[in-house]
Structure formats: C-alpha cells, structure tokens
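Here's the structure, in structure tokens; my notes come after.
Residue numbers (full-length UniProt numbering): 1 to 259.
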C-alpha cells in the first residue's frame with residue numbers, strides 16, 4: 001500500500017477514522033513515527049485548506065497508534081502572516097500523538113545565508129551500495145529504498161547517514177514526503193550502545209528550510225547524529241539534504257535508549 005492510499009480515509013471533518021493496511025507501516029507495536037506524524041499533518045491541511053506554507057513543527061509521540069483513531073485539529077492562532085495549528089491522534093480515548101504546526105507566508109528577507117554544506121559528501125545515491133536489505137522494521141522493508149552514505153559500519157562515532165527514498169511516492173507532495181522521511185533512520189546513539197536493545201522516538205521538532213523542496217529521483221540524504229546520550233536517553237540532531245547536497249530540513253529528537 002502506498003502512503004497516498006493510507007491517507008485516503010482522512011477527511012476535512014476529522015473525527016473517527018479507520019485505517020487499513022497498517023501492517024506495512026508498523027514499527028513494533030505502533031505505527032511508524034513518520035507515518036503517524038504525516039497523518040496528523042494531513043488532518044490539519046485537509047481541515048484548513050487556506051494555510052500558508054509549512055515552516056516548522058513539534059511532534060510528540062505519546063503512545064502506540066493503531067488502526068482505529070480519532071483525529072482532532074484546531075487553529076490555535078491565525079495571524080496576518082503566521083498560522084499555528086494543533087492536531088492530535090487519539091486511540092481508545094487516549095492521546096497517542098500531539099503535534100503543533102507552524103505555517104507562515106513568505107516575508108522580504110532581512111537576513112539571508114545558506115545552510116552549511118554537507119561535511120564529507122558521500123557522493124550521489126546512484127553509486128551507493130544498497131543498505132538494510134532484508135533488515136530493519138517492516139515499514140522500511142515495505143516502503144523505502146535505503147543506500148549507504150558513509151563508510152562506517154558498527155560501533156563508532158554516533159552518526160547514522162543514509163540515502164533514502166520512498167518506493168511509491170505518487171500523489172504525495174514534497175513537504176509530506178519530508179515529514180514521512182524525516183524519522184526513517186535509527187538514532188545515531190545506536191552506534192554508541194554497549195549492547196543491542198530497543199529504541200523509541202519520544203518527540204521530534206524540525207524547521208523546513210525550503211517551503212517547496214525538490215530533489216532528483218526521490219532521493220534524500222538523511223542523517224541522525226547523537227549530540228549527547230546518558231541516563232537512558234539520546235539527544236539527536238536530524239537533517240535532510242536533497243540529491244545535490246542542499247539542506248532542506250533541520251530537526252532535533254529525544255530518543256529513549258533501553259537496556
């Protein structure tokens with residue numbers, strides 16, 4: 001099932017919604033974080049169709065999300081240039097995801113500089129080796145193509161970098177594609193773990209650097225880098241670049257690292 005088909009049940013009215021085919025998007029006992037964030041985003045933009053472009057978001061993964069949900073969304077504030085929208089997913093009477101979306105019209109630039117270029121450019125995705133084939137959770141095997149973008153393997157510097165693209169992205173706009181892809185890799189802390197164990201995203205916040213991001217052949221360079229890991233948690237920086245090395249998303253995430 002493509003992600004576009006997964007989003008079909010979402011209506012402008014919100015409320016009680018039932019999804020099918022979720023087995024292709026599961027990560028353990030819950031819906032993959034990028035897919036659940038995209039459901040919340042889609043619920044917001046289908047309810048409020050005159051919003052300006054998305055600029056930033058804060059997403060909290062509260063509890064496991066299943067197939068039968070209630071979608072809630074509201075405009076918290078609508079200003080002349082900026083709209084702030086809250087959307088939530090509820091399952092069995094409990095909130096499982098809450099998200100705050102910031103939409104803003106373009107302003108005349110009073111400050112302008114490009115994001116720093118990619119360090120240690122890995123080369124384009126066409127020459128890269130396939131990664132995670134037959135490995136990883138179901139949502140990766142069913143929906144993504146992953147290729148290597150760093151020489152490192154196993155323990156080492158707590159950075160995971162891969163080329164990633166959706167195998168079926170028809171009908172999906174570029175911003176929705178980035179929301180879906182932004183949380184696709186395991187955390188950088190995985191390379192610093194003393195032993196294998198479960199990991200779980202707790203939240204995710206990001207800024208979109210381009211309101212209409214573009215790339216070639218669907219490829220995006222994704223990087224998760226642990227900035228600090230201790231006490232069972234890792235603070236991660238998440239970034240996405242297009243196939244030409246232009247950064248399009250800058251984010252942070254808290255990850256639970258279990259023993």
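Quick reminder that beta carbons are idealized off the backbone N, C-alpha and C, glycines included.
Same chain only: Cβ atoms within 8 Å of residue 88, ignoring 5 sequence neighbours per side | 40, 71, 72, 73, 95, 97, 98 and 99
From residue 250 to residue 220, what distance separates their C-alpha atoms?
-> 13 Å
Cβ separation of residue 116 and residue 147, assumed to be a contact under 8 Å, to the nearest whole Å = Contact doesn't hold; Cβ gap of about 23 Å is too wide.
Do residue 178 and residue 143 have their C-beta atoms within less than 8 Å of each other?
-> no
Which of helix, strand or coil DSSP assigns to residue 242 = strand
Once you ignore the five residues that flank residue 11 on each side, which residues in its own chain have a CB closer than 8 Å to its CB?
-> Closer than 8 Å at Cβ, skipping near neighbours: 17 and 46.
To the nearest whole angstrom, what separates the beta carbons of residue 238 and residue 181, a pair I think is in contact under 8 Å?
-> Not really, about 10 Å apart at Cβ, beyond 8 Å.
Range covered by the alpha helix (DSSP H) that runs through residue 42 = 33 to 47
Contacting residues, own chain, Cβ-Cβ under 6 Å from residue 161 (five flanking each side not counted) | 149, 150 and 223
Which full runs of the beta strand (DSSP E) of 3+ residues lie inside the UniProt domain "Acyl-CoA thioesterase-like C-terminal" (127 to 257), going along the chain?
-> For the UniProt domain "Acyl-CoA thioesterase-like C-terminal" (127 to 257), whole beta strand (DSSP E) runs of length 3 or above, ordered along the chain, are 144 to 148, 159 to 166, 199 to 201, 203 to 208, 220 to 230, 233 to 242 and 247 to 257.
Could you say which of 253, 254, 242 and 258 lies nearest to residue 121 if we only look at CA atoms?
-> It is 242.
What's the call for residue 258, buried or exposed, on a 16-neighbour Cβ count within 10 Å?
-> Exposed is the call here.
Where residue 92 falls: helix, strand or coil (DSSP) | When DSSP states are grouped into helix, strand and coil, residue 92 belongs to the coil group.
What are the residues that DSSP puts in a beta bridge with residue 280?
-> The requested residue 280 does not occur in the structure, where the chain is confined to residues 1 to 259.
Residue 25 by DSSP, collapsed to three states: which one?
-> helix
Option in 63, 173 and 5 with minimal Cα separation from residue 202 = 63
Kindly list the residues whose CB is nearer than 6 Å to the CB of residue 90, restricted to its own chain and excluding five residues on each side of it in sequence; keep chain order.
-> 70
Would you check if there are 3 or more beta carbon pairs closer than 8 Å linking the region 206 to 215 to the region 76 to 85?
-> no
State the Cα-Cα distance for the pair residue 56 and residue 194, rounded to the nearest angstrom.
-> 34 Å
Express the C-alpha separation of residue 53 and residue 83 in angstroms, rounding to a whole number.
-> 10 Å
Tell me, which residues are paired with residue 59 by DSSP?
-> 99 and 204
Got a sec: does the ligand MN put a non-hydrogen atom nearer than 7 Å to the Cβ of residue 173?
-> Looking for the ligand MN in the displayed structure turns up nothing, as the structure carries no ligands at all.
Among 93, 5 and 227, which has the Cα closest to the Cα of residue 20?
-> 5
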